[in-house]
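Peer 1: Below: one structure in structure tokens.
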Amino acid sequence: MILYGERNPAPNPRRVRIFVAEKGIDLPETRVKMQAREHKSDEHKARNSLGQLPTLVLDDGTAISESVSICRYLESIHPEPVMFGATAAEQALVDMWIRRIEFQLMTPVGMFWRHAHPLTAALLTQFNDFGESNREAYARSCGWLDRELANGGPFIAGETYGMADICALTTVDFAAFTGLEMPEGASALRDWHKRVSDRPSAAANS
Ligand SMILES: N[C@@H](CCC(=O)N[C@@H](CS)C(=O)NCC(=O)O)C(=O)O
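Okay, here's the thing in structure tokens:
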């Protein structure tokens with residue numbers, strides 16, 4: 016198996032690296048340099064027609080893209096420690112939280128990155144006002160997540176660290192890279208962020 020990825024701060028390859036570190040899996044990673052646009056090369060698009068990272072290529076040539084799908088595959092072949100929930104209810108809650116993190120938290124970060132950040136300006140027509148409007152949307156989502164953590168926690172899906180935490184951590188850290196910080200008053204979110212950042216897996220890089 017070969018994982019095609021990119022170094023931090025690229026958030027989606029980082030999800031898989033953190034997951035692999037938590038599982039203690041030995042998985043070689045080949046860097047695809049995004050700044051050199053290698054992810055849009057014919058060679059990489061043969062693995063992932065969207066020209067995105069990460070992609071996991073299995074020994075039989077099967078190519079799996081989408082960071083969460085890659086991690087689900089790895090969970091199937093390396094079940095311990097459980098990262099997608101143990102019981103039916105836990106599995107549904109982890110799935111719910113992954114989807115919520117992607118839609119509520121990652122969407123404004125992605126839109127800010129694409130439409131308001133100088134590093135992506137050459138890649139598309141930016142609608143700057145729209146991009147900037149995502150600052151408020153991100154702050155609102157952080158406030159919502161902060162209240163959820165204050166009433167639940169200590170992890171995103173409840174008692175156990177898992178894939179939803181990885182999705183949220185990589186999003187919050189990438190948001191900070193783009194210039195979007197967690198609101199000062201979001202203390203439960205900040206406490207959670209410290210808790211998950213202190214795990215050795217958070218430092219995984221290629
Ligand atoms: N939903 C995908 C998103 C993949 C993605 O957007 N990856 C970024 C790198 S972090 C990328 O390849 N961006 C280039 C592009 O979208 O063209 C996943 O979870 O793997």
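Going by my numbering, the sequence shown opens with residue 16, and the numbers climb by one from there.
For glycine and all other residues, C-beta sits at the position ideal for the given N, C-alpha and C.
Any heavy atom of ligand 1 closer than 6 angstroms to the CB of E90?
Peer 2: If you number the sequence shown from 1, residue 90 lands on position 75. False, no ligand heavy atom lies under 6 angstroms from that Cβ.
Peer 1: Taking E117 as the reference, give the member of F189, A36, E105 with the closest Cα.
Peer 2: For the purposes of this step, residue 117 is taken as the residue at position 102 of the sequence shown. That would be F189, whose Cα lies nearest to the Cα of E117.
Peer 1: Taking all protein chains shown into account, do 16 or more other C-beta atoms lie within 10 angstroms of the C-beta of T102, making it buried, or fewer, making it exposed?
Peer 2: Locating residue 102 in the sequence shown gives position 87, where the first residue counts as 1. Result: exposed.
Peer 1: In the DSSP assignment, find the unbroken alpha helix (DSSP H) run with V124 in it and report its ends.
Peer 2: On the sequence shown, position 109 is the one that residue 124 refers to. V124 -> alpha helix (DSSP H) spans 122-131.
Peer 1: Shorter than 6 angstroms, the distance from the beta carbon of A25 to the closest heavy atom of ligand 1, or not?
Peer 2: Residue mapping note: residue 25 aligns to position 10 of the sequence shown, counting from 1. Yes, Cβ of A25 sits closer than 6 angstroms to a heavy atom of ligand 1.
Peer 1: Name the two residues that bound the continuous alpha helix (DSSP H) containing Y271.
Peer 2: What the structure shows of the chain is the stretch from 16 to 221, and residue 271 is not part of that stretch, so it cannot be assessed.
Peer 1: At what residues does the beta strand (DSSP E) containing R46 begin and finish?
Peer 2: Within the sequence shown, residue 46 is the residue found at index 31, counting from 1. Run containing R46: 44-46, per the beta strand (DSSP E) assignment.
Peer 1: Would you report the Cα separation of F34 and F142, rounded to the nearest angstrom?
Peer 2: Indexing the sequence shown from 1 puts residue 34 at position 19. Indexing the sequence shown from 1 puts residue 142 at position 127. If I take the Cα positions, the gap works out to 35 angstroms.
Peer 1: Could you check where the alpha helix (DSSP H) with G158 kicks off and where it finishes?
Peer 2: Walking along the sequence shown from the start, residue 158 turns up at place 143. G158 -> alpha helix (DSSP H) spans 143-166.
Peer 1: Give me the Cα-Cα distance between M111 and C86, rounded to the nearest whole angstrom.
Peer 2: Locating residue 111 in the sequence shown gives position 96, where the first residue counts as 1. Locating residue 86 in the sequence shown gives position 71, where the first residue counts as 1. When rounded, the distance between both Cα atoms is 16 angstroms.
Peer 1: Measure the alpha-carbon distance for D161 versus L204 and round it to whole angstroms.
Peer 2: Residue numbering aside, residue 161 sits at position 146 when the sequence shown is read from its first letter. Residue numbering aside, residue 204 sits at position 189 when the sequence shown is read from its first letter. If I take the Cα positions, the gap works out to 5 angstroms.
Peer 1: Less than 7 angstroms separating the beta-carbons of E21 and L68?
Peer 2: Sequence index remark: in the sequence shown, residue 21 carries index 6 (1-based). Sequence index remark: in the sequence shown, residue 68 carries index 53 (1-based). Contact: yes.
Peer 1: If L18 sits next to P43, beta carbons under 8 angstroms apart, how far is it from one beta carbon to the other, in whole angstroms?
Peer 2: Counted from its first residue, the sequence shown places residue 18 at position 3. Counted from its first residue, the sequence shown places residue 43 at position 28. Their Cβ separation, rounded to whole angstroms, is 7 angstroms, which keeps L18 and P43 in contact under 8 angstroms.
Peer 1: For S82, is the beta carbon positioned less than 6 angstroms from some heavy atom of ligand 1?
Peer 2: Position 67 of the sequence shown holds residue 82. Within the cutoff, so yes.
Peer 1: Could you have a look at L73 and say whether DSSP puts it in helix, strand or coil?
Peer 2: Taking the sequence shown and counting its residues from 1, one reaches residue 73 at position 58. Coil, per DSSP.
Peer 1: CB of L134 to nearest heavy atom of ligand 1: below 6 angstroms?
Peer 2: By one-based count along the sequence shown, residue 134 stands at place 119. No; taking the cut-off as 6 angstroms, the Cβ of L134 has no heavy atom of ligand 1 nearer than that.
Peer 1: Buried or exposed: which applies to G200, given that a residue is buried once 16 or more other Cβ atoms fall within 10 Å of its Cβ?
Peer 2: Counting from 1 along the sequence shown, the entry for residue 200 is found at position 185. Looking at its Cβ environment, which holds fewer than 16 other Cβ atoms inside 10 Å, G200 is exposed.
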